[in-house]
Amino acid sequence: MSEHGTISWGDFEKVLICAGTVQRVEEFPEARKPAWKLWVDFGPHGVRKTSAQVKHLYGAQDLVGRQIVGVLNFPPKQVGPFESEFLLTGFPTDEGVVITTVERPVPNGTRLA
């Protein structure tokens, strides 16, 4: 058993993990670590914004139009002058964070099952 223990299916169902398409990417010069500001269309959940420290591996042109995976039901988080409205998921590596994407397109807002 891992150090994190087990969770119930009900625990998993509480986490709103959805696919969305990156619509816009902007510089975030106020961030302490290199980051982008992203606006992502989550379909019925609306367009939400986040700050993402993924500049080491992704340019703005690499992100626009890409379908990503985000956690939508964390409370908003203030990141300097910017309010982050969802958590962009990814895997940390020595080179930087590798963004979680979907293997083929799904409708924006589709929930991970």
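Just so we're aligned: 97 in the working numbering is position 104 of the sequence shown, and the numbers increase by one with no gaps anywhere.
Beta carbons are placed, not taken as given, at the ideal position from N, Cα and C, and that holds for glycine.
Bear in mind the structure is a predicted one, so any value in this text is a computation, not a measurement.
Taking C-beta separations shorter than 6 Å and ignoring five residues to either side along the sequence, the partners of V95 in its chain run A12 and Q60, following chain order. The DSSP assignment places complete beta strand (DSSP E) segments of no fewer than 3 residues inside the region 19 to 94 at 29 to 34, 40 to 45, 60 to 64, 70 to 72, 75 to 77, 83 to 85 and 90 to 92, in order along the chain. It is roughly 20 Å from the alpha-carbon of A24 to the alpha-carbon of P68.
The Cβ atoms of V40 and L31 do not sit closer than 8 Å to each other. Taking 8 Å as the cut-off, the beta carbon of L65 is found closer than this to the beta carbon of L9. L81 and Q46 have their C-alpha atoms roughly 10 Å apart. Taking each of I0, F35 and K26 in turn and checking the Cα distance to V99, the smallest one comes out for F35. Per DSSP, the beta-bridge partners of T14 are D34 and Q60.
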